[in-house]
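To start, the structure under review is shown below, and the notes come after it.
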Amino acid sequence: MEDISLDLSSINDFIDKELYNSLLAKMPECLDNLRKANSLGANYTGWVNQDVDFEYTQIDKIISSVNRLKEKVNTLVVIGIGGSYLGSKAIIDALSNDFSNSSVLFAGHNLNSSYLHNLAEYLQSREFGICIISKSGTTTEPAIAFRFLKSVMESKYSSTEIKERIIAITDKSEGALRQLAENESYESFYIPDNIGGRYSIFTPVGLYPIAFAGFDIKQFLEGSIRMCDKVFNSETIDNIAFSYVCYRNMMYSKGKKIEILANYNYKLNFVSEWWKQLFGESEGKDGKGIFPVSLCFSTDLHSMGQYIQDGERHLFETLISVKKPKNDILISKDIENLDNLNYLSGQSIDYVNKMALKGAKKAHVSGGVPVVEILLPCLNEYYMGQLLYFFMISCGLSGYILGVNPFDQPGVEDYKRNMFSLLKKPGF
Ligand code: PA5
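Letter by letter, the sequence shown follows residues 26 to 453 in the working numbering.
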């Protein structure tokens with residue numbers, strides 16, 4: 026079966042061979058350090074060996090819990106923020122039909138009272154359950170949303186019913202949410218100690234909501250296993266993750282400090298949001314790090330196209346393209362042709378999209394913005410598993426090349442301290 030691939034053919038003019046090769050030479054050792062949990066942040070590399078340590082996914086328990094829950098619940102509100110919601114939202118958005126009612130909704134990823142008010146109103150007409158996800162169990166945004174949505178549940182269901190409708194995903198033994206789950210006898214799943222929030226998509230954090238949305242989590246995991254196998258068993262020169270890491274770090278060394286992740290399929294917009302957290306939080310520290318930005322083309326070619334083509338030359342672009350759309354539409358012929366579109370009649374909309382991609386890629390490269398392309402054969406669970414694992418392993422490697430710990434996030438605490446002191450939280 027075909028795999029995800031990386032096309033570097035259009036960056037020849039930007040390659041500094043000596044620098045690229047020196048980065049490439051460091052890759053096998055970095056990968057080995059990740060595998061053996063032997064370097065910075067080693068306590069958080071539990072996701073690296075997808076092919077070996079697979080018990081942590083708790084997959085069979087997830088599938089039976091989802092089946093049970095679905096007997097009474099048609100809408101699941103997933104409460105979480107950052108790594109506790111972005112991955113599952115990314116996969117569900119990528120694979121869902123746009124206009125049919127969504128069975129999975131998200132909360133706790135903002136502090137917006139109108140959002141929660143409107144959600145509560147909507148839930149009055151739904152049979153709903155809650156999946157509260159927090160590794161630390163103490164994050165403010167999800168805790169506030171949970172307290173509120175539990176009160177909405179209390180106005181609708183009996184206490185026995187409520188217990189059957191709440192699922193908690195948190196640390197195995199510590200934190201307020203673990204305590205609460207035990208006190209209230211909620212069904213619960215654990216996030217392994219050695220896997221941090223933004224690397225947790227292949228644990229119940231990602232798998233539970235994706236399974237509830239009706240997608241095949243076994244295929245999703247198969248994709249990650251395949252990519253893991255590919256990365257660990259390819260020759261250095263052909264290794265897809267090594268190539269991506271060397272390319273982006275070479276660009277960074279050359280002063281291109283901003284990476285645009287662009288897609289030509291808005292269904293991947295939340296993959297980009299997930300990717301931004303993954304790379305931004307993993308690399309942006311110690312005064313270093315590529316700044317991750319995301320755009321959706323061709324939409325954003327009409328807003329950011331000018332800057333990319335002609336603005337400051339501190340950009341490089343990583344494109345995600347999907348070879349085969351799920352559905353395609355042929356452009357019809359119009360007798361009057363007042364819109365002058367008959368030259369496209371008989372062509373498909375996806376063909377036009379692909380020509381926009383080719384045209385913009387060529388233009389950006391000639392304008393001094395290097396572009397590499399990640400090609401997905403199609404959008405399904407298997408390739409999404411490949412893609413997310415590819416980014417995770419690349420991010421770990423890239424952090425090591427940069428000399429930072431890709432698994433911590435000390436900077437995130439600063440705003441929290443200020444906010445807690447303004448809110449007069451005891452102890453702040
Ligand atoms: O990557 C991380 O660890 C963070 O972004 C967390 O995912 C985010 O802050 C949510 O934390 P928690 O799951 O503890 O509520």
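No residue lacks a Cβ here, since even glycine has one placed at the ideal position from N, Cα and C.
Checklist entry - CA-CA distance, Leu130 and Ile116? => result One-based indexing of the sequence shown puts residue 130 at position 105. One-based indexing of the sequence shown puts residue 116 at position 91. Rounded to whole angstroms, Leu130 and Ile116 show a C-alpha spacing of 13 Å.
Item to check | Residues bridged to Phe153 (per DSSP) | outcome: Your numbering for residue 153 matches position 128 in the sequence shown. Partner(s): Thr100.
Next on the checklist: Using CA atoms only, rank isn't needed, just tell me which of Ile283, Asn352, Glu361 and Ser373 is closest to Ile333.
Outcome noted: What you label residue 333 is simply residue 308 of the sequence shown in a count that begins at 1. Cα-wise, what sits closest to Ile333 is Ile283.
Checklist entry - For Pro317, which residues does DSSP report across the bridge? => result On the sequence shown, residue 317 is found 292 positions in, with the first residue counted as 1. Paired residues: Glu284.
Checklist entry - For Asp375, does the three-state DSSP call read helix, strand or coil? => result If you number the sequence shown from 1, residue 375 lands on position 350. Here Asp375 sits in helix by DSSP.
Checklist entry - Residues bridged to Cys403 by DSSP? => result Against the sequence shown, residue 403 aligns to sequence position 378. In the DSSP assignment, Cys403 forms a beta bridge with Lys349.
Item to check | DSSP state of Asp32 mapped onto helix, strand, coil | outcome: Here the question's residue 32 lines up with position 7 in the sequence shown. Under the three-state reduction of DSSP output, Asp32 falls in the strand class.
Checklist entry - Between Tyr376 and Leu404, what straight-line distance do the alpha-carbon atoms span, to the nearest angstrom? => result The residue you call residue 376 lines up with position 351 of the sequence shown. The residue you call residue 404 lines up with position 379 of the sequence shown. Computed Cα separation, rounded: 17 Å.
Item to check | Met417 classed as buried or exposed, judged by whether at least 16 other C-beta atoms fall within 10 angstroms | outcome: Along the sequence shown, read from residue 1 onward, the residue named residue 417 stands at position 392. Under this definition Met417 is a buried residue.
Checklist entry - Can you find a heavy atom of the ligand PA5 that lies under 7 Å from the Cβ of Gly105? => result Your numbering for residue 105 matches position 80 in the sequence shown. Between the ligand PA5 and the CB of Gly105, the shortest heavy atom gap is smaller than 7 Å.
Next on the checklist: Using only CA atoms, which one of Leu344, Asn378 and Ile360 lies nearest to Asp353?
Outcome noted: Along the sequence shown, read from residue 1 onward, the residue named residue 353 stands at position 328. Of Leu344, Asn378 and Ile360, the residue nearest in Cα terms is Asn378.
Checklist entry - Which residue or residues does DSSP assign as beta-bridge partners of Ile192? => result As a first step, residue 192 is located in the sequence shown; it is residue number 167 there, counting from the start. Ile192 is bridged to Cys156 and Glu212.
Item to check | Contact check, Ala168 vs Leu141, beta carbons under 8 Å | outcome: To locate residue 168, count along the sequence shown from 1; it is residue 143. To locate residue 141, count along the sequence shown from 1; it is residue 116. Not closer than 8 Å, so no.
Checklist entry - Should the region 363-376 be regarded as contacting the region 312-323, the criterion being three or more beta carbon pairs within less than 8 Å? => result The region 363-376 is not in contact with the region 312-323.
Next on the checklist: Considering Cα atoms alone, identify which of Gly231, Ile220, Lys197 and Ile187 is closest to Ser210.
Outcome noted: The residue labelled residue 210 in the question sits at position 185 within the sequence shown. Comparing Cα positions, the closest option is Ile187.
Item to check | Where Leu363 sits in the DSSP three-state scheme | outcome: For the purposes of this step, residue 363 is taken as residue 338 along the sequence shown, with counting starting at 1. Coil at Leu363, not helix or strand.
Checklist entry - Considering only C-alpha positions, which residue in the set Gly154, Ser139, Met26 and Gly221 is nearest to Ser128? => result Locating residue 128 in the sequence shown gives position 103, where the first residue counts as 1. For Ser128, the nearest C-alpha among the options comes from Gly154.
Item to check | Under the three-state DSSP convention, the category Lys449 falls into | outcome: Position 424 of the sequence shown holds residue 449. Residue state for Lys449 is assigned as coil, using DSSP reduced to three classes.
Checklist entry - Going by Cα to Cα distance, which pick from Glu189, Leu144 and Phe240 is closest to Ile88? => result Residue mapping note: residue 88 aligns to position 63 of the sequence shown, counting from 1. Selected option, being the one with the closest Cα: Phe240.
Item to check | Three-way DSSP call (helix, strand, coil) for Thr82 in this model | outcome: Residue mapping note: residue 82 aligns to position 57 of the sequence shown, counting from 1. Three-state DSSP puts Thr82 in a helix.
Next on the checklist: Looking at Phe304: is its Cβ nearer than 8 Å to the Cβ of Cys156?
Outcome noted: The residue labelled residue 304 in the question sits at position 279 within the sequence shown. The residue labelled residue 156 in the question sits at position 131 within the sequence shown. Between Phe304 and Cys156, the gap from beta carbon to beta carbon reaches 8 Å or more.
Checklist entry - Helix, strand or coil: how does DSSP classify Phe227 here? => result Walking along the sequence shown from the start, residue 227 turns up at place 202. Coil at Phe227, not helix or strand.
Checklist entry - Around the C-beta of Arg59, are 16 or more other C-beta atoms found within 10 angstroms, so that it is buried, or is it exposed? => result Against the sequence shown, residue 59 aligns to sequence position 34. For the sequence presented, residue 59 should be read as Leu rather than Arg. Buried: at least 16 other Cβ atoms inside 10 Å.
Checklist entry - Can you tell me where the alpha helix (DSSP H) with Val177 in it begins and where it stops? => result Against the sequence shown, residue 177 aligns to sequence position 152. Start and end: Thr165 to Glu179.
Checklist entry - Who does Phe39 pair with in a DSSP beta bridge? => result Along the sequence shown, one-based indexing puts residue 39 at 14. Paired residue(s): none; Phe39 is not in a bridge.
Checklist entry - When you compare each of Trp300, Lys348, Asn290 and Glu337 to Thr324 by their alpha carbons, which one comes out closest? => result Walking along the sequence shown from the start, residue 324 turns up at place 299. The option with the nearest alpha carbon to Thr324 is Asn290.
Next on the checklist: Please state the DSSP three-state secondary structure of Val397.
Outcome noted: The residue labelled residue 397 in the question sits at position 372 within the sequence shown. Val397: strand per DSSP, three-state reduction.
Checklist entry - Which word fits Arg190, buried or exposed, when buried means at least 16 other C-beta atoms lie within 10 angstroms of its C-beta? => result Locating residue 190 in the sequence shown gives position 165, counting from the first residue. Its Cβ being crowded by 16 or more others within 10 Å, Arg190 is buried.
Next on the checklist: Are the CB atoms of Val98 and Glu179 within a distance shorter than 8 Å?
Outcome noted: Here residue 179 refers to the residue found at position 154 of the sequence shown. Here residue 98 refers to the residue found at position 73 of the sequence shown. Contact annotation: Glu179 and Val98 have beta-carbon atoms that are not nearer than 8 Å.
Checklist entry - So, Val91 versus Ala132, is the Cβ gap smaller than 8 Å? => result Start at 1 with the first residue of the sequence shown, and residue 91 comes out as number 66. Start at 1 with the first residue of the sequence shown, and residue 132 comes out as number 107. No; because the gap between Cβ atoms is not below 8 Å, this pair is not in contact.
Checklist entry - So is the beta-carbon of Arg442 under 7 Å away from any non-hydrogen atom of the ligand PA5? => result On the sequence shown, residue 442 is found 417 positions in, with the first residue counted as 1. No, the ligand PA5 has no heavy atom inside 7 Å of this Cβ.
Checklist entry - Which value, in whole angstroms, describes the spacing of the CA atoms of Lys255 and Gly108? => result On the sequence shown, residue 255 is found 230 positions in, with the first residue counted as 1. On the sequence shown, residue 108 is found 83 positions in, with the first residue counted as 1. Cα to Cα, Lys255 sits roughly 25 Å from Gly108.
Checklist entry - Is Gly112 near Ile29, with beta carbons less than 8 Å apart? => result What you label residue 112 is simply residue 87 of the sequence shown in a count that begins at 1. What you label residue 29 is simply residue 4 of the sequence shown in a count that begins at 1. For Gly112 and Ile29, no; Cβs fall outside 8 Å.
Checklist entry - Relative to the alpha-carbon of Lys349, which residue among Gly392, Gln331 and Leu400 has its alpha-carbon at the smallest distance? => result Against the sequence shown, residue 349 aligns to sequence position 324. Proximity to Lys349 across Gly392, Gln331 and Leu400 peaks at Leu400, based on C-alpha coordinates.
Item to check | Local conformation of Lys310 per DSSP, three classes | outcome: Translated into the one-based positions of the sequence shown, residue 310 becomes position 285. Here Lys310 sits in strand by DSSP.
Checklist entry - Are the Cβ atoms of Tyr425 and Cys271 separated by less than 8 Å? => result Here the question's residue 425 lines up with position 400 in the sequence shown. Here the question's residue 271 lines up with position 246 in the sequence shown. Their beta carbons are not under 8 Å apart, which means Tyr425 does not touch Cys271 by this criterion.
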